[in-house]
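Please read the structure below before turning to the comments.
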Amino acid sequence: MAEYIRINEVADYLDKDVVLKGWLFNKSGKGKLSFLQFRDGSGIIQAVVFKTNVDDATWEAAQALTQESSLIVTGTVAADTRSKLGFEIQVKSLEIVNLSDGYPITPKEHGSNFLLDNRHLWLRSKKQHAILTIRSTVALAIRDFFDGEGFVNVDAPIFTPNACEGTSTLFQTEYFGDTAFLTQSGQLYMEAAAAAFGKVYCFGPTFRAEKSKTRRHLTEFWMIEPEVAFMELDEDMNLAERFTMFILERVLEKHRDLLVDVLERDLTVLETSLKGEFPRVHYNDAADWLDNFYKEKAKDPEWEGKTEFEKGGDFGGDDETWLTKQYDRPIFVHRFPAAIKAFYMEPDPEDPTLSLSVDMLAPEGYGEVIGGGQRAGDLDYLLKQIDAHGLPKEAFEWYLDLRRYGGFPSAGFGLGLERMVTWITGIHHLRETIPFPRLINRISP
Ligand code: 4AD
Ligand code: MG
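In this note's numbering, the protein residues as written are 54 to 498.
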């Protein structure tokens, strides 16, 4: 009896008969030969049907097959030096499970709206398959990294009574006669957990009612948030650097082929980033650089971008793009103005208008992938901040307890999983890095 295996196992079955189950990707033929490009989720292999070697039913089935029909193939694994995989299947018999009729995604070019409308089918395409395979590897690498560093995984709730990252991007929902919000970040809960476990992280979906239609924003995305008791800003940056390098190393080790062959990713920057020592740039220096840069550019009458950067302001997508283009690896920008950051940031002792915050910006114009910093330790300062940010104090009482009962300095950060995968895979738009993207104008399929 032939054994049922998956395509990524064929190397162990040379010259043996096997059963494969999957879908027809593409097909060609000539005379008495049919060449089926066959995929099963673990890989793609060519299955060759030679009319003389099979019964009539199998030959007819091979002729009838359409793109994305599902089928069961029985055949012999043979060496094939012409294919990348190194093997092909010489078909002995073939059974159609379901004949697909008019599969909408054909090998021709389709517009992105059409593809997004058909996301449930688009997932089967080579490029999408590669991106989501890499996402899966990144997710596992993240867990392995924290596990290896002695962190405890503590999941944060999704229904929350309060805002963490400002009130303008909250999704609100009715909660048994009360109001709840979908979480924007698990950070506040991680601070509580850090007091229990020392080093913790959460990994879950987060929600932002972002009204922006940029290539960097989703309304639902996955965030990974470590929090470490008694850690300060410099060590936070060290952690983010080690963490990023660990992820890059894992993906390069496992998916060099997908990156180069399928995604046509230039690996130079990823490999340079593996050397570490991500430059650390003070916000004031970054702001001065941007201001000079725009003023210089503005001298060119053809220039259509900004003409200055006002110190004190937040970075927009373009600012991040120009700034990061100056570097060959990710950079940390630290000590943003307190006024543009969340209520919980520790003020900079050297200049209290600044905060002990940090963003890690990816090179090649990808921009912010990590945001974090040191948390404000002083109860009175936090009370003032909650007030100044127009937040309801009652909802934060539990958080303030962390300052009342054994307060401690702590720091952490949030990594946007999709931002990291977008940079690593080198694709243009964030929406292809999540299986079913949620955007301002899209909640389906
Ligand atoms: O910079 P953010 O808003 O930081 C926080 O939420 C902190 N509470 C994290 C912490 O310190 N524990 O978000 C963190 C990261 C960003 O750097 C970005 O990668 C991602 O989350 N992110 C988004 N990704 C996709 N779509 C959006 N709308 C995103 N907003 C933030
Ligand atoms: Mg941020």
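Don't be surprised by glycine CBs; every beta carbon is placed ideally from N, CA and C.
Got a sec, what are the start and stop residues for the beta strand (DSSP E) residue i sits in?
i: Gly369; result: First-last for Gly369: undefined, no H or E at that position.
i: Trp175; result: No beta strand (DSSP E) contains Trp175, which is instead part of the alpha helix (DSSP H) from 172-175.
i: Val144; result: 140-151
i: Thr226; result: 225-228
i: Ser87; result: 86-92
i: Ala132; result: 123-132
i: Ala100; result: 97-103
Under 6 Å Cβ to Cβ from residue i, same chain only, skipping five residues before and after it: list those, please.
i: Thr226; result: Ala233
i: Asp344; result: Glu361, Phe362
i: Arg472; result: Val422
With DSSP as the reference, identify every bridge partner of residue i, one or two as the case may be.
i: Val333; result: Residue identity differs from the one stated: residue 333 is Arg in this sequence, not Val. Phe385.
i: Leu423; result: In the sequence as presented, Leu is not what sits at residue 423; that position holds Ile. For Ile423, which the question treats as bridged, DSSP gives the partners Met413, Leu468.
i: Asn206; result: Tyr254
i: Glu280; result: Val253, Gly465
i: Glu56; result: Val71
i: Thr213; result: Phe234
i: Glu273; result: Phe260
i: Leu492; result: Arg495
i: Asp401; result: Asp404
Looking at the unbroken alpha helix (DSSP H) that takes in residue i, where does it start and where does it end?
i: Asp231; result: Here Asp231 belongs to no alpha helix (DSSP H); instead the beta strand (DSSP E) covers 231-235.
i: Asp197; result: 179-201
i: Tyr452; result: 450-457
i: Glu357; result: Run containing Glu357: none; DSSP gives neither H nor E here.
i: Asn291; result: 286-310
i: Asp433; result: 432-441
i: Ser326; result: 321-326
i: Gln36; result: Because the chain spans 54 through 498 in this model, residue 36 falls outside it and cannot be assessed.
Excluding the 5 residues preceding and the 5 following residue i in the sequence, name in chain order all residues of the same chain whose CB lies nearer than 7 Å to its CB.
i: Arg268; result: His481, His482, Leu483
i: Ala340; result: Phe362, Lys364
i: Leu453; result: Leu432, Leu435
i: Arg428; result: Glu244, Tyr397, Glu399, Ser463, Ala464
i: Glu302; result: Leu327
i: Ser136; result: Gln99
i: Gly370; result: Thr267, Arg269, Gly420
Is residue i near ligand 4, going by C-beta to nearest heavy atom under 6 Å?
i: Gly425; result: For ligand 4, the structure offers nothing, since it holds only ligand 1 and ligand 2.
Beta carbon of residue i: closer than 6 Å to some heavy atom of ligand 1?
i: Ser238; result: yes
i: Phe234; result: no
i: Phe274; result: yes
i: Val253; result: no
i: Glu373; result: no
i: Gly465; result: yes
i: Gly203; result: no
i: Arg428; result: no
i: Gly469; result: yes
i: His482; result: no
Excluding the 5 residues preceding and the 5 following residue i in the sequence, name in chain order all residues of the same chain whose CB lies nearer than 8 Å to its CB.
i: Gly443; result: Thr220
i: Leu160; result: According to the sequence displayed, residue 160 carries Pro and not Leu. Hits under 8 Å: Asn79.
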